[in-house]
Each structure stands twice: as C-alpha cells, then as structure tokens.
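Protein chains: 4
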Amino acid sequence: MNHQWLPDKPGEECGVFGIYAPGRDVARLTYYGLYALQHRGQESAGIAVADGKRLQLHKGMGLVPEVFHHRELSELQGHLAIGHVRYSTTGASSPINAQPLVFRYAGGMLGLAHNGNLTNITELRARLTATGSVFQSSTDSEVIVNLIARYGQTGLVDAVMKCMIDLKGAYSLVILTGDRLLAVRDPHAFRPLCLGILDRGGYVVASESCALDTVGARRLRDVAPGEIVIIDESGLTSLQGMLPRRRAHCIFEYIYFARADSLMDGFNVNRVRREMGRQLAREYPVEADLVIPVPDSGTAAARGYAEESGIPFEEGLMKNRYIGRTFIQPSQDLRDLGVRLKLNPIREVLAGKRVIMVDDSLVRGTTSSKLVAMLRDCGVKEVHLCLSSPPVVHSCYYGIDTSNEEELIAAQMPLDEVRRLINADGLHYLSIEGMLDIFGERRNDFCTACFTGDYPVPVPQPPKAGKFSLE
Amino acid sequence: MNHQWLPDKPGEECGVFGIYAPGRDVARLTYYGLYALQHRGQESAGIAVADGKRLQLHKGMGLVPEVFHHRELSELQGHLAIGHVRYSTTGASSPINAQPLVFRYAGGMLGLAHNGNLTNITELRARLTATGSVFQSSTDSEVIVNLIARYGQTGLVDAVMKCMIDLKGAYSLVILTGDRLLAVRDPHAFRPLCLGILDRGGYVVASESCALDTVGARRLRDVAPGEIVIIDESGLTSLQGMLPRRRAHCIFEYIYFARADSLMDGFNVNRVRREMGRQLAREYPVEADLVIPVPDSGTAAARGYAEESGIPFEEGLMKNRYIGRTFIQPSQDLRDLGVRLKLNPIREVLAGKRVIMVDDSLVRGTTSSKLVAMLRDCGVKEVHLCLSSPPVVHSCYYGIDTSNEEELIAAQMPLDEVRRLINADGLHYLSIEGMLDIFGERRNDFCTACFTGDYPVPVPQPPKAGKFSLE
Amino acid sequence: MNHQWLPDKPGEECGVFGIYAPGRDVARLTYYGLYALQHRGQESAGIAVADGKRLQLHKGMGLVPEVFHHRELSELQGHLAIGHVRYSTTGASSPINAQPLVFRYAGGMLGLAHNGNLTNITELRARLTATGSVFQSSTDSEVIVNLIARYGQTGLVDAVMKCMIDLKGAYSLVILTGDRLLAVRDPHAFRPLCLGILDRGGYVVASESCALDTVGARRLRDVAPGEIVIIDESGLTSLQGMLPRRRAHCIFEYIYFARADSLMDGFNVNRVRREMGRQLAREYPVEADLVIPVPDSGTAAARGYAEESGIPFEEGLMKNRYIGRTFIQPSQDLRDLGVRLKLNPIREVLAGKRVIMVDDSLVRGTTSSKLVAMLRDCGVKEVHLCLSSPPVVHSCYYGIDTSNEEELIAAQMPLDEVRRLINADGLHYLSIEGMLDIFGERRNDFCTACFTGDYPVPVPQPPKAGKFSLE
Amino acid sequence: MNHQWLPDKPGEECGVFGIYAPGRDVARLTYYGLYALQHRGQESAGIAVADGKRLQLHKGMGLVPEVFHHRELSELQGHLAIGHVRYSTTGASSPINAQPLVFRYAGGMLGLAHNGNLTNITELRARLTATGSVFQSSTDSEVIVNLIARYGQTGLVDAVMKCMIDLKGAYSLVILTGDRLLAVRDPHAFRPLCLGILDRGGYVVASESCALDTVGARRLRDVAPGEIVIIDESGLTSLQGMLPRRRAHCIFEYIYFARADSLMDGFNVNRVRREMGRQLAREYPVEADLVIPVPDSGTAAARGYAEESGIPFEEGLMKNRYIGRTFIQPSQDLRDLGVRLKLNPIREVLAGKRVIMVDDSLVRGTTSSKLVAMLRDCGVKEVHLCLSSPPVVHSCYYGIDTSNEEELIAAQMPLDEVRRLINADGLHYLSIEGMLDIFGERRNDFCTACFTGDYPVPVPQPPKAGKFSLE
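Chains as they are written, first to last, in full-length UniProt numbering: chain A, 1 to 471; chain B, 1 to 471; chain C, 1 to 471; chain D, 1 to 471.
Have a look at this one:
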C-alpha cells in the first residue's frame, strides 16, 4: 500500500531488518528486505553492515531505491547487517533522524535501529543530559544508544538487559556489532518482530514476515515478549532479557499497517482483515446492491463483507497507481478535483446502486466525505460507509502517528454527527468485541488503547506535544 | 497498473491528451490527464500549450511528475494544450523521440502528439526525403508533421485530410495551433480516443475516459473512425476526414492495456475483463480449491472466473507496490529470489490447495514458469494457469510492442509443450470465439490480428526489423 | 574565464569541435575538446559519434561535465565525432536548441554543429517552409540542415557548396556522416576554426587552438575563408567551396571571447591583449600609482598597460572562483553587497592610491559603476577606467549576443556622460586605429562592425527583434 | 583557488563563520560568507540559525550552492547563525562528518563548528566513552561537544573554559546558543579567526577577512590566542579563556591556503606571497628569459620573483577554469594528456626560452614532473622550478591534511634526486630563514613544524594512522 497519498490515515513509525549470513551479499539482501517493508516508512532508509571488525553505514532521505544504488550497495561489504525505513509525515523531516545509528562507545562500535515509541523518553533524556550526554536528534533511538553506552562497560548483552529495565513503552530493536546481531522486543511485544532462517545458512529478523519471504528466508517464529535473540558465529542464542508482561500487540498492524501477506504473532494479516469484514457484515447487515472497497486498505475487509452478506463485490473505485511523493497537488482553481486524481469511480458499475463502501478505519474523516460526494455524483443512490475497525478516540503513544485527540473525528462528536458530516446514509464501525472475537482465545493479547483508552503502559498526561524543536 | 516491472507483457506505445478551456489552467489539467494515462507510457512526457498566438513546449524523459514540477507548469500559460506520454522499453530510449512535437511550417506554428503505428512509414519517409525533408527522430509523428507541412499551403484542415489519405495504419492524433485543437482518429479506429466536455466550458480529448474523469470532464462519446474534431473559439466542429473503414479497435486494450475504469468504444474495460474470466470458466471448468489472480493484470478476470465457477477467490499473491524503475535487480548470487521480490505468495492461503491462477495473457512465458515454481514451493498441489485471452501468435504493427514472432512462446510450440515448459498442471487460453462473444453484435469491430493473423491493413512483409538506427 | 557571473559582457554563441581518429576514444577526446571550449558556451553541450555506419547522439542542458558522465561517453562508440557547446543567456533556454543536430535525409544520416549567425535566416526559412519544410527550433543550424537536404540528392559536398551560395553571414560548421568529417568556414571567415593533426594519426578541427592542445593535437593551420575540409579514410582533402571574400575575423574574439592561450588566424590571443594594453598606455598616459585589472578579462591588457607605463601592476581585485550558475543572488536586503560577492578589493593594496583599472570592454556599464564605488569605498583617491577596446556602439549580427543598441551605453550618450555615470575620474577607450595597428599589415582582415557600423555583409534593417517565439 | 583539481597540494580542514545581526537575513549572509570561504573546504557545507529560542540546521555534501538553495535559506529564520565548510579528500567522505553539529545537552540547545585538529583526541574520546559517551562521527568536533556537555551544568562559558584546559592542539570554534554567539581560538592561535562589525549593527567572525568583506563587515581585529568572544543582546564581551601561549600561526595559510585578499594576524596574504617570491629571487638568482607561475597558487610569488629579478613575467600556462569535481579523468588510452587538460602551455610564449616556473610548494611532486615534461615539449630550453616555501618534510597534526611522511617527496630523498625525478634543470626552495624574514619582528609567531619538525604542541608518536574506521 502506498500510504503517502492518503493523508487521512495514521502514520507508521518504522520497519527494521537484520541479517547474519556469512558468504552472502548481506547489504543487497537487506535492501530487498527493506523494499518489502517500504510500506512501513517512506521518509528515510539506511543500512549498516559489519564484516567482523568494521561497521559501515549508508543512509539518506527518500525511498529505498532513491537512497541506495549499485555503488552504495557494493561498497557495503560484510556478513551481517541491519536496516531501517522511517515513516513520512507531511511536516518537516530531517536527515539527522534517519536510522540506523552507528556509534562508537566504550565497548567498541555499535549499530542500532528501532521501531516503536518510548513513553518515558523525556525523563530518560533528562537523566542522561544531567550527567553529560548530548543529543543530536529527537529520536528515541539516540536515547537508547546513550543508555547502552552508560551500561556498556560490562558487556553488551548485560547493557541491553539493564536498558530494558529503564525503557518504558514499545520497542523492537535490531543491534549490530562487528560480529554479532541482536534482536530485542519489549516485554509487551507492542510492535512486531519475527525471526527466519536462510536455507544456505544464516538468520534474518524483520518487522514483518513478508520481508523474510522476500529474501528467501523461512519464518521460524516471532521474537517473544522481552526476548533478546543473539546471533553470531556460534549460532543463535535466546535470552529472556525481561520477564514478559501481558501481551499488547498493536492491533492496528492487522487493521491497516502490515502487509496482507505477513504472518504476525500467529495470525495472517489478510485473513484477519477478511474476518473483520465478515464480522462487520454480521453486526451491520445493510441492505444494498454492491459492496465496494476503498482501495487498497479496505479491499480485504470489503471482500469479507461481500462473502458474508452475499451482496456482490465490485471494484467501484479505481486507484491511480502512479501517484507518488512528487505529485503536484491541485491548485485553488482545481481544488474540486480533490480525491478524484487518486481514486476514480466507475460510473457504469455504480450508477443507480445502493452501495456499501468498506474502509479499514476513519481517522480525521476528510477523505471519506469527498469519496461519498464523488459516489453521489456518479448517481449512487445510497452510500453506507462501513469501517472494519472501531472508532479511534485516543492517541497512540507506542509508535503510531495518530493525530492528537482533537483531530480524531470520532473523539469529537457523536457517531451520527460524523455520519452527517461525511453525508453518508449509514456509518458503521466494527465493535471492539467483534474485532477481538476474531482472535479467539488470544483476544486479550492486543493493545486496543486507541479504541478503549486502556493503555498497557502508563502514558504522559499532557497530550503528545508538538514536534521536538531540534531541527 | 505498473507495467514496468513485468517485462513479460506487451508494451503500449503512447497516450494522448488535448484540452481547450479558456480561463482554466490548461497545463495543470493536462498534467493530471497525463497522470491518469501514465500506464500507457512511462518513458517520456510532454505538454505543449497555446495562448492564442504563441506555442510553448516542455518535455523530458521519465514519469509525468519527474518531468513536470511547479516551475515548468506555471510557465506554460495559455488556454489550449496537448500532452503525451510515451512507453518505456528495456532498450535505449532517447529524448529526441519525446512528444509532442512543436514546429513551424508555412502555416505557422503547430504541435502534434500521436498514438499508434503507421504501416507505410518507410515508404512515406522515403518519399519525403527524396524531395528534401529531414528527420531528426525515428518516430511516425515526425513523418506526419512533414506530410502536413507539404500539404499545408492551403489550410490546416485540408492538409490533415490529405495526410489521412497517405497514412496507412493506426493513428490517434491531437494537434494544436495557436488557437485551435484538433483530434483525429484513423478510419479503422485502431487506437482509442474519446471526447469530453467540461462543466465550466471547454472540451477535452484523451486516449481513455479515465483521463476525462480525472480532470472533471464528462465523457460525450468516442471520436469516430476517420473523424476530425476541431475545437476553437466558435465551439466544436466535426468533419469526416475519411470514410470510415471496418472498425478494428485493438482488443488488447480490453485485455491488458487500458485502465479498468475506462469506457472505450462502448464497453467498460473492467466489465469486459470480468466477462472474459466468466467465459474462461465456462470453457474450462477446472476442478480446484481456489482461484487466484496474478495481480494486477489478472484480477478482474480471476474474479469473473471465481464467480462463474463458484470456486473461492483469494489474493494468493501479494504485489510489492513500491517496485519502480530504479529498483536494483538481483545479482547472480540472489537470482533465485527472482519474481519473489515483486510477488509474494501467501503460504497460509495456498498450502495444500489446488489452485487456478488467472492472468490476462502469456507472451514470452518467462514470468509464468517462475510463478508456478513459487506456488509449488508453497505447497500448492496443483496449478492451473488460465489466461483470459487467446494465444498471441502474431506480431502487432499498429502500435503495440509485442515481441517478434520468434519470441512469442505460443507461436513457437504446441500448447502442451508450453504447459510442460512452465510446469503447470493445466494451461487454458480463452477461445477467440469466446472472447468475441462478449462483445455480442459488435464482435466484428475489433482487430484480432495478434491472435488470428488477420491484419485489417496490409503489413510489411519482413518481420518488424530491429530498432531504427537513429539514436 | 567564467562569463556567467558578469552579465555586463557580450555573450558568445558557440564552440564547435570535430575529430577523425580511428582507434581512439573519439567521444572522450571530444569531451575534453569541449571542456577547453567551455568558455564559448555554458548553456548546452552535445556530442555525435559515427562508427562507419551509425550516428549516435547525446546532448543536454548544462556544462559539459553536467551533460556527460562515464555512462554517456562509453555508449558513444566510433572513430569520428563532432561536438558543440552553446552559450548561456539570462533568459529562457531550451533543449530543442542544443546541438549537434543529427538527422536523416535523402543522402543518409548527417550530424551538424554550427558557430555563427546568418543574416538572411528569415528569408531562407520562409523559402523552405513555403515548399514544405518544418522547423522544430529557432536555430540557424536547422535551416542549414534543411538546405543541405534540399540539395542533397547529388552528393553531400555538392550540397554543401550549393548551401554556401545561399548562406549569408557567419558560419563555422562541422559536419559528420557515417564515415566522413567536414569542416566549413564562411568566405569572410568571421568566426574562428582551426585544424590540427594527431600524433598517432587522425585530424581535429576546433573553434580554438586551445582545444587542439588539450587533446594532444598539433595545430596545422586555420581553415581558410570559404574552405571545405573533408576528412575520411583516404585522408584530408581541401576544397574551395566558395571564393574567399575580404577577411572579416571577429575582433572581439581577441578582445574578450577567446581563451588567452589560443592562436587564431595568425595571432596569439594573449599577446594581442597585452599589446592592446600597451597601446592604451601610449594613447592615454594617465598619472597614477597602480594599474589593476578587472579579473580575468582585463588582466592581460592591464599587464601591458603597466609594462608600457612603468606604473606598478597589482591584483587589487580578488575574484571568487566558486561563483557559478547556481549562485543565489542577493535579496533586496543585501542588494548593497552587489558585485562584492564576486570581486573583493584588497584594501591594503588600494587605500590612498590613484588607480588605473583596466578592463577589456564596456557594454552596458552596470558593473563598472559598482566597481568604481567599491574602490572609492576602500579609500582609492582616483579611479581611471581604461578599456582595451573602442566603444561598442553597434549590434552584432554575426554571432555575438551584444545587446540592442538602446542598451549599449556608449551608443546612448557622450563619453563624458558615461564617465560621470560610472563616477570615474577618467574613462579611456582604445582607439580603433590603435587597436588595428597591433595587427600590422593584416589590419584590414577584421570585422569591426560593432565599433564602426561597417558591416561586411548586409544586415537586416530593423534592429534585432526579440526572441523568436518558438519555445 | 580551486584546490580540487590539483591533488598534489595539502588539503585544508575547514572554514568557519558566525554572525549576530538582529534584523538582517543572517542565513543568507552566512551563505555568502561561506561562499567566500569555499576555498577552505568543498566536501560539505552547513548553516545553523537561532532565533532567540530555537536552533535550526541544514547541512549536506557538496559546495555551498549545491547544499543551499532558496528554499533551504528561507526556512532558516533567526538573528544569529554559524556556518561551516569542510574540505574534500579523494577518499570516502560522509554526511555524518558535516558541520555544524547541533545538539541538546543539559544546558539546552547548542550549535558548534570547528576548524583545526586536536592532538589528544584519542585520549579525550577514550576518557569520555569510559564514562558513557557515544560518538557517531570521527570528528574532533563531536569530542568537543561532549566535553562541553560534561562541564555544562554550570553555564556555557565556564564549560568552554574548562574544555580549553583539556583540548590540546588547534581549534578555532564558533558556538551558537538560542541567543548567543561565541568565538574561541586556541592559546597558540594555530588556525585563523577574525572579528568584524556590521555598519547596520551586529558582529561577524570568520576564518578569513575576505568573508567579512564579502558580507559588508568591517574587520576589527583577529580573535586573540586563548580568547573567548561572546556576542549577544548586550553587545560584545571578551574573556581570556586561557592564558595565551607562544603564537604559532600556521604559516601554510600564507603560503597556500588563505585567499590572497585576506588580512590575517596582521599580514596581507597577497603581499606575503609576493615577498616570498622576491626573497626567492634574492636567494636563487637564476639566469633565465621568463618567469612563469603555476596558476593560481604560484602567481603572486612568480610576480615577486619577476619584479626582484627583472626577468619578464609571462602567463605561460593557461588554466581551464571549468575543471570541477565532476570532471571525468582521462582513461588509459588518454593518460598521456595528463595535466594538459587543466593547464595548457602557450607555445608562442615559451618556445626556445629558459624558464623559471614558480609554484608555492611541492608536496608529492607528481604534478610538477608532468608540468616540466609539458614545458619541454613546447620547446622550452631550460626549466627551473622555484618554490616559494621550504621543503615539506614533516606531517601536520594541527589541521592540514599533508600526506604521511612517506609520501612527502622532500622527506624521502635528497634535493638533487628530487630535481632529477621531476627532470628540472634547477630546483630551488625558499629557505626557512628567508621565509621568516618577511615577517620581521614577528618571525617567531608562526608554526613551521611541517618544515622543521618543531611542533609547538606535542604530537602523537606513531605517524598519523589511516582513516578512522567509523564510516
């Protein structure tokens, strides 16, 4: 999915990748792995490679193929590597925040890449600056790096374990030394991280299993809550860095972020989305002529809805696959073209029909109202917007860039007012219970804070402030 | 559809766009129109604008947003414009071939953009050079331009009509003077061209109706075979430039090229593709557990197949939406990753299943055999490849870059050998009759030469030679 | 000299280069040759190469190293080549005007590059369009190309000779076929063109001898007025294409354009400039403490003045060598920084001194007045501006972009008013006689039209109109 | 001077610039200041701006105009700023080393840019990492930043003073807080740093006075050895951060690095160079016909030599001003073209003459031998190479990238062998005494370690190791 062109969706923080594979071109494999994770971040990309002694780094702003070309890849020689993609926001972004970070500390050279958000970052940073640390970026990762350095006198693994006691919130980490690869997941396992093995020898870790598939690795399992996986010359070692806490996998990964072909903490993402659509159809059996998705994010759920309801599925909205970051937005004169440049309704399919339009979620509601208007313009008689997730009413503090609560439409007005605002004939959200039912016995293993306000880890009281002023 | 990353498909020649809209930002509207036609050509893009007197041109290599930025667009001031996108081949490409062409001739300034291929280009060029013309490119368009200039002493429209008598083959043209826009379609109407009207006044012509939709124009009708449409201050005038011949619309537009939301010579592309899938299911009722498409080209037909057969439809192959032109191909070490970087099979969906994989066409067969292998690797028990078009056994001379006949797999060996080569359990092509049945009474309005060898306009005897040596 | 940052100088039209050298990397040698001619044009660059059969072309906007990289050069394989650099104006510029032109005509493939300006271009273009030619650019070169094609039925050399009868004005041409290189100079020999031989075999032609030196060629002689030089497998042949007319070498080449190390029609440029300074000192023996040049254009003349007068030479103005095309001009707030960003006066050298500032010419006078103010600011007591050329009072029609007469300061007011305007204590121009004396017996071999209005070839009556509207 | 294309010269480390000027466009003034300092570093450029509260940073690889465009400059709003240019080496270079550094520490936000080299960097870094610091780059600057942070609990100025006690070696620093600008020079005053005042109010500090001139500031004085200059709302304050030690200004600034128009620690650079040439003529009165410089580095000294000796000065070598970073080096086939692409001898001037060729210094000798060969090729009868500095026989540890001693030709063989190697008829170096005489009473204020081995600050024993492995 190309998240860039639909600003009305939450932003994912990052994707991480790590590989230990002597004899293989690990830089290029990391490049392909990051390609498969590109949907998790389009702002910057980076790869750090180690060859037993030296660490080499290349990173930059832009998509993976914009940052890496033949020359950059061929200069990154070694047998283990980590990589990172970072999300794109509409606001200012800076090269200084690109990852991985590669740094020298008392224990030698280290590389680190991070997905997630810490909730006690301000406190940790203050503690570190008070005793002389400096910070060049606003990233959590630089705080983690400094913490490791403070504990690093007595060995890296010990340092990581001490860090984990300090770090509150979400983190899936890959760490690189000259000859070791570490993968670390927080005790709640908020953000995904999985482990695979290569046929010809070697291991891979990645945010999503689609990246394992892409580089030809066989998925072994997810990294466990609180686990530290250590991969080096002597093979793979697993440590329980911290006692696991109650699992709190981010449920939005299933709803929207993750690629449909990923298998994540036991569930295939595509199947979950399909089931969400089915469940939605059971909860809200609307009478209509057609089910259409908002492509691509609503496609799987729409299919599920259609199957369950028996109402025909149609691709009533055609997406322009070429809309990218450099697309010039319409000027004032052409403002009315709006969302039509990206999604085109097929009049022949839609005219005169009662339509159920399925999307995965509704955050600010700006795009939805334009879509509804566009459908009516095509002669659609009724538009029922069905969402395969509950209303988002709380901010996320664990690694998703939802808006502040003031911007969350469902947090600002009653459901029926939202419906009127977007001018739909019906507006239906999947229930929280219905959503969790899909996961069966594992229904309590997820973080649903953005729907329920039930934060597994305490969060800062004041709503997430504006961007850190550095840069 | 991003055609670039699947070399095993025919290449489209071009897309054209024209607009006459006083008071509107015609350069920007052309930009959006070309965006909607980007699937028809990714090699180069260009826009020429007229303001009553002057013609201004900007063109360059690359995708529309790579060639045009705010600055270029804002410098193109006027009230009428034409635009062009050109296809990308794997071989060398040259800025000299980019369109539109803007030139001065005895009648003043003229701009021209062209979609299609002439069959008597060599003869025409020889005739012109014999009497002193020069050619800077290898394009048909430059030949047309010179012909117009030769006849241009007595008025542009007359010149165009004389040209049409000389031109053999396929052409959909847009022509720009300082204050007039012309749209011309050959008497067989090989390549598409349609006409729309803007709410606030003005007209639009485009290769496909999706471009009309994108700029907010209402589709009026297709440009008729042999018609010359003239748009200027006094409105729209239609001339029959040449008597229409038997219609010979390119059927591959419906099978593969056109965007699914386009309405073309009376048929909605998406619906035709769905019907092709249905028909395929009727012709070849394979026993299987799942129908999966090769995304995105096979998706509509696969859905039709599933609906008709009652076999469940699944998205068993996940496409990486970020693979673009700058993607670094796998090196020798990673050759086995092959098509997996672009399409990832979802093991959970596929394992242990008998699968019908639907694609739109099979040209060289190279990708298909890799896909079949990948599916088997996932534990698929049986793979039946069903194609929603007949075997391509002849080259096209009217504007599609099919390979030479020696490269067309279906032209080189019996069907069963093709099946063995790609290692499928079954291989089924839609019948020619079945394909034409979809169009009902209009079944004879199409060019099917690539399937039948029945060329509506005589073609050069020797197989299409190598690339013209200029550039 | 970097002409870009001193807008107050005339603009040179172009530089041309040609090479015939089997067994050598002719594309790369042309690249180096164009590098040596870069001062003659910074807007665009191009190279066409032939390998006995095929012609290949690459050209683009920008400096030679911006247009050509390893890849472009290595794709241009062959044993003969031509190249071109085009000047940069402040106004709009277009890729369509870049040279060489490569085209197909009745006689096969041809490449052509041109330096100079024709005076009957409008008439020739009209004659050609009247009989069916088309023009995609506003260049003289495209007109020449079409003329050659009209005459080209009976052999290229004959065609070139016929063309020469039609062409009025200035032209130094290099022409490329699959296996022949031609160099042509108009019968007045307005623009320079010289011929060299390579040690390892082969010939080179170039606008200036510095390009011969750069590629390791030995200078043989200048191409003669009206001569056609033909180089091919059988060696070098010379034809008198037209009877020579009175020589009219552009004297501004010696004053400003040419590189100081070039030897041109018998005179070393550096030596001529030095002599112009000496002569100036003889004509205007100002009493002063220092002679300083406006670098780099006035350096040689300033040294001559100092030598002749015995007044010490000092580099009182330091030029910033890094100012290039992308330099951001000062905003309103910083307008007073003016020319200081480019030229910095050395206060220690200048304070309290009476200074003779020597420059090569004064066109619009805008920069000079700023320089004078800057010197006064440094405590200079007197500033005498001495120019090593006579006042420019007429436009050039033979290949130099002087301004229209309305913009030529010396054409608009008496000398003393110019002096007051630029606020100099003295203002002295080299006399026409004094300038010509330097060339001794050959004093009548030069075009001095911009000083005298004595045009060797009749020029269009109305002053040179605004830019041609195409593009 | 464009240092890039003459690899046979030492590399300068950096240039720094700082400005405090409420009401002015400080980002743009810094841009112009860095432009004037571009000769001190072409690898990267950066500007940090403060507006009373916030610090904003932009930096990147390349020349100043490649890193900054209108957009970048206009986003940097504030009233005080610092800037930095970094040198270019032939080896790998990295964005991570670009300056200024902007960081958050216990005292708030801070920006820092540095010119010079510390001699105890390894020891300082080890001390800091031992107590938990991390380093992302190999720069001295990051070490200084961390030291400031360690001492920063009790105020910035105190922290800087404590740092100065730790730092050994050369440093000229500019430091930026939200509302204060600091300039700091080490107690030996190795690297230059001067102070200027703006007419409209405000102060400027810069590595060289040419940058003050360029932004329209009046030079007040040099920053004194060990001085801390503090500029803020209340004006300028000066503190003696450390007691001054014996002055040890880098004498190579005068010989080669600095721009000729700079006034540095009391001496005009151009005048010093001229005097070095004069002194050289007195020490080595060679009999010859011409004095020619190696442009541009040898021009001033050559002029001095000519004046003193009475032998005529000629520009016998013409430099191509367009050779830049992207210039494609000659391939094997063209290796013999060598230095000729950059410097072209004027045969008319040189043939048959006995020539004194003056350059500023001889480091590895590779270019000189090519120049000598080229001159002989032109028919020069004798070539005497005269160098306006003594033989470089020791490495620099204070901020100049001389080669290791093994690469210094004068350190590897007797003078006469060097002469034979470069095939000159004579080879003369300015004597150390002769060089120092120029500075009169201040003869002991300079660091001459590269000539004498007399290091003012102890240097690490092992010869400067290879590049730091980070990046």
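Each residue gets a CB set at the ideal place from its N, CA and C atoms; glycine is no exception. Bear in mind that the values here come from a model prediction, so they are computed numbers and not experimental data.
At the 8 angstroms Cβ level, is residue i part of the contact set with chain C, yes or no?
i	result
G46(B)	no
T129(B)	yes
G33(D)	no
Measure how close the beta-carbons of residue i and residue j come, nearest whole angstrom, since I'm counting them as under 8 angstroms.
i	j	result
L110(B)	L176(B)	7 angstroms
S44(D)	K59(D)	6 angstroms
L124(D)	V85(D)	Not really, about 24 angstroms apart at Cβ, beyond 8 angstroms.
K53(D)	G202(D)	Actually they do not touch by this definition, with Cβ atoms about 19 angstroms apart.
Would you mind reading off the limits of the beta strand (DSSP E) that contains residue i?
i	result
S44(C)	S44 to A50
D232(C)	E227 to D232
E382(D)	E382 to L387
Closest to residue i by C-alpha separation, out of the options, would be which residue?
i	options	result
Y105(A)	R86(D), A126(D) and L112(D)	A126(D)
residue 473(C)	R180(C), D140(C) and A170(C)	Residue numbering for chain C in the displayed model covers 1 to 471; residue 473(C) lies beyond these limits and cannot be assessed.
D51(B)	V16(B), Q240(B), L80(B) and K59(B)	L80(B)
L408(C)	Y254(C), R442(C), K381(C) and L362(C)	L362(C)
N146(D)	L239(A), Y151(A), T131(A) and N270(A)	T131(A)
N344(B)	D213(A), V286(A), G304(A) and D377(A)	D213(A)
N268(D)	H384(D), S238(D) and C210(D)	C210(D)
I148(A)	E441(A), A159(A) and D140(A)	A159(A)
M435(C)	G226(C), D25(C), T448(C) and K168(C)	T448(C)
H70(A)	D25(A), G316(A), Y20(A) and A98(A)	D25(A)
V360(D)	P458(D), E315(D), H114(D) and L385(D)	A small correction: the amino acid at residue 360(D) is Asp; Val does not occupy that position in the sequence shown. Of the listed residues, the one whose Cα sits closest to D360(D) is L385(D).
In terms of residue numbering, what span does the alpha helix (DSSP H) encompassing residue i cover?
i	result
H70(D)	H70 to E75
P65(B)	V64 to V67
T367(A)	T366 to D377
L350(B)	R347 to L350
Please tell me whether residue i has its Cβ less than 8 angstroms away from any Cβ of chain B.
i	result
E142(A)	no
R221(A)	no
At a Cβ threshold of 8 angstroms, is residue i touching chain A?
i	result
P95(D)	yes
I'd like to confirm the pairing. Which residues does DSSP put opposite residue i in its beta bridges?
i	result
M61(A)	S44(A)
V355(D)	L290(D) and V383(D)
T237(D)	I230(D)
Using a Cβ-Cβ distance under 8 angstroms, would residue i count as near chain D?
i	result
residue 484(C)	With chain C represented from 1 up to 471, any question about residue 484(C) goes unanswered, as that position is not in the structure.
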